[in-house]
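S.K.:
2 protein chains.
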Amino acid sequence: METVQRPMRADARRNYERLLTAAHAAFAEQGTEASLEEVARTAGVGIGTLYRHFPTRRALLEAVLHDSLAGLDTRARELLGSGSPGEALLEWTRHLMAHVTVYRGLAATLMSSFDDPASELYGACERVRVGGDALLASAQRAGAVRDDVTGADLTKLVNAVAWAGEHCDDDTAERLLTLVMDGLRAGNRRS
Amino acid sequence: METVQRPMRADARRNYERLLTAAHAAFAEQGTEASLEEVARTAGVGIGTLYRHFPTRRALLEAVLHDSLAGLDTRARELLGSGSPGEALLEWTRHLMAHVTVYRGLAATLMSSFDDPASELYGACERVRVGGDALLASAQRAGAVRDDVTGADLTKLVNAVAWAGEHCDDDTAERLLTLVMDGLRAGNRRS
DNA sequence: GGGTATACGGAGGCGGTCTCCGAGTAGGTG
DNA sequence: CACCTACTCGGAGACCGCCTCCGTATACCC
Chain L
1 METVQRPMRA DARRNYERLL TAAHAAFAEQ GTEASLEEVA RTAGVGIGTL
51 YRHFPTRRAL LEAVLHDSLA GLDTRARELL GSGSPGEALL EWTRHLMAHV
101 TVYRGLAATL MSSFDDPASE LYGACERVRV GGDALLASAQ RAGAVRDDVT
151 GADLTKLVNA VAWAGEHCDD DTAERLLTLV MDGLRAGNRR S
Chain C
1 METVQRPMRA DARRNYERLL TAAHAAFAEQ GTEASLEEVA RTAGVGIGTL
51 YRHFPTRRAL LEAVLHDSLA GLDTRARELL GSGSPGEALL EWTRHLMAHV
101 TVYRGLAATL MSSFDDPASE LYGACERVRV GGDALLASAQ RAGAVRDDVT
151 GADLTKLVNA VAWAGEHCDD DTAERLLTLV MDGLRAGNRR S
């Protein structure tokens, strides 16, 4: 099962790195739907090379975002031990928002990967949800959040707000997040 | 200012109607990003004809949705007079959800038209927001909803939930809407 | 029936996705 | 150091969708 794979050839590694850099620039400027041909052009690499390294747009996104999303997981663990569980959860959702809004269109990509194990981003989504789950459970035990909310609900709601934020100014996005998070507090259940 | 325009030629009107029918079918089946060339093919009409009648995808969507969105406005006025303002608002948001989810991708289109007066759908969004404003104000006067929520907030939140619902089963979408609407009740303000 | 304003249709330019395979090269081997 | 081979590169090309433009067709008015 454990296939020993020799290290990448020097040219392959160089092109891989160049593609990551170019992809980040393109996504940052034009959103996750940026032209992959232009990414390849910017990287000074043939389109075939791009597709060999990253068979799908999501594979490329995953590579570009890998560290950033992993950081979110670490942050969740840090926050777990610190102060009020309610505040910790709130703080973490702000981090989540920040990560999800680095590229226009990212919220949509993540959302569609969330329940799709075939997506290259599924693993990343999974890790995010696990981190959120822990913080959420902690906040619920502390009676800060209504207990019928799941980690998936939380992540999806934040994602949805982040998506909405792509079409508003930052203040409005912040307002919407506040409205939603206030609303998840314990004691707000109606039905 | 008031340019008198003679009625459409018979062939033009026929093609217009065919295009509406074909567009509805295509949007229903493949979402708002359905191929316009296929719409034209289905309608038995040249692609040039489609673009003459509907210069943009949004213009076509506006025509297809016109009656439906107008109905939403009427419904808002009906609900204004009926029973509990809180319940009326809740009922209306469910209608809004239903209208926004008729086509996959519609939430995104509406969201991007919401603050863009140049969009062919801006007027429709405007009318929806006005309807929602009235119901919201009524619910706020009755003390059922926190008073720092605006009509735009409400519409955007429902849109965001509808968008999220495109990636979940119906139950989850319903849950998310409940979580958000519960959260908007008066007394839930934190900051 | 004839003339004209109106409408039709699709060819064609553009730009994007993705595949496939001949040419090029890195790096281990003798 | 030179060679060989497995690995990698690059871009042509098939396909698709958007949108424009203009020669052709036709509905309607007189």
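Protein sequences, first through last, are from chains L and C. Quick note: the first sequence uses UniProt numbering, first residue 1, plus one each step. Quick note: the second sequence uses UniProt numbering, first residue 1, plus one each step. The beta-carbon is built from N, C-alpha and C at its ideal position, and this holds for glycine as well. Note that the coordinates shown come from a computational prediction; the quantities given were computed from them, not determined experimentally.
So is C/VAL180 in contact with chain L if we call contact Cβ pairs under 8 Å?
M.R.: As a working note, residue 180 of chain C is residue 180 in the second sequence. So yes, C/VAL180 belongs to the interface.
S.K.: From which residue to which residue does the alpha helix (DSSP H) around L/HIS53 run?
M.R.: On the first sequence, residue 53 of chain L is found 53 positions in, with the first residue counted as 1. That run of the alpha helix (DSSP H) goes 47-53.
S.K.: What are the residues in the stretch 78-106 of chain C lying within 8 Å of chain L by C-beta distance?
M.R.: From the stretch 78-106 of chain C, no residue has a Cβ closer than 8 Å to chain L.
S.K.: In whole angstroms, what is the alpha-carbon distance linking C/LEU184 and C/ALA124?
M.R.: Within the second sequence, the letter at position 184 stands for residue 184 of chain C. Within the second sequence, the letter at position 124 stands for residue 124 of chain C. C/LEU184 and C/ALA124: Cα-Cα distance of roughly 25 Å.
S.K.: Got a sec: is the Cβ-Cβ distance from C/GLY183 to anything in chain L below 8 Å?
M.R.: In the second sequence, the residue the question calls residue 183 of chain C occupies position 183. Judged by the 8 Å Cβ criterion, C/GLY183 is in contact with chain L.
S.K.: Can you pull the DSSP bridge partners for L/ARG185?
M.R.: Indexing the first sequence from 1 puts residue 185 of chain L at position 185. BP columns for L/ARG185 point to L/VAL145.
S.K.: Pair every Cβ in the stretch 169-181 of chain L with every Cβ in the stretch 83-95 of chain L, then say whether three or more of these pairs are closer than 8 Å.
M.R.: yes
S.K.: Do you know how far the Cα of L/LEU69 is from the Cα of L/ARG9?
M.R.: Indexing the first sequence from 1 puts residue 9 of chain L at position 9. Indexing the first sequence from 1 puts residue 69 of chain L at position 69. Between L/ARG9 and L/LEU69, the C-alpha separation is close to 27 Å.
S.K.: Could you give the uninterrupted runs of the beta strand (DSSP E) lying entirely in the stretch 96-124 of chain C, keeping only those of 3 residues or more?
M.R.: Fully enclosed beta strand (DSSP E) runs of 3 or longer: not present.
S.K.: C/PRO7 by DSSP, collapsed to three states: which one?
M.R.: What you label residue 7 of chain C is simply residue 7 of the second sequence in a count that begins at 1. If DSSP states are grouped into helix, strand and coil, C/PRO7 belongs with coil.
S.K.: Mark C/PRO7 as exposed unless 16 or more other C-beta atoms lie within 10 angstroms of its C-beta, in which case mark it buried.
M.R.: Here residue 7 of chain C is taken as the residue at index 7 of the second sequence, counted from 1. By the neighbour-count rule (16 or more Cβ atoms within 10 Å), C/PRO7 is not buried but exposed.
S.K.: Is C/VAL161 buried or exposed, if buried means 16 or more other CB atoms sit within 10 Å of its CB?
M.R.: The residue you call residue 161 of chain C lines up with position 161 of the second sequence. Classification for C/VAL161: buried.
S.K.: Are there 16 or more other CB atoms within 10 angstroms of the CB of C/VAL130, so buried, or fewer, so exposed?
M.R.: Your numbering for residue 130 of chain C matches position 130 in the second sequence. Exposed is the call here.
S.K.: Considering only residues of the same chain and omitting the five flanking positions on each side of C/LEU90, which have a CB-CB separation below 7 Å?
M.R.: Start at 1 with the first residue of the second sequence, and residue 90 of chain C comes out as number 90. Excluding sequence positions up to five before and after C/LEU90, its CB lies within less than 7 Å of the CB of MET181, all in the same chain and listed in chain order.
S.K.: Using a beta-carbon distance cut-off of less than 9 Å, what residues from the stretch 119-143 of chain L approach chain C?
M.R.: none
S.K.: With distances taken from CA atoms, which of C/TYR51, C/ASP115 and C/GLY86 is nearest C/VAL145?
M.R.: The residue given as residue 145 of chain C occupies position 145 in the second sequence. Of the listed residues, the one whose Cα sits closest to C/VAL145 is C/GLY86.
S.K.: When DSSP labels each residue in this structure, what does C/ALA137 get in the three-state scheme?
M.R.: Here the question's residue 137 of chain C lines up with position 137 in the second sequence. In this structure, DSSP gives C/ALA137 a helical state, which the three-state scheme calls helix.
S.K.: Using a 10 Å radius around the Cβ and a threshold of 16 neighbouring Cβ atoms, would you call C/GLN5 buried or exposed?
M.R.: For the purposes of this step, residue 5 of chain C is taken as residue 5 along the second sequence, with counting starting at 1. The residue in question, C/GLN5, is exposed, as its Cβ has fewer than 16 Cβ neighbours within 10 Å.
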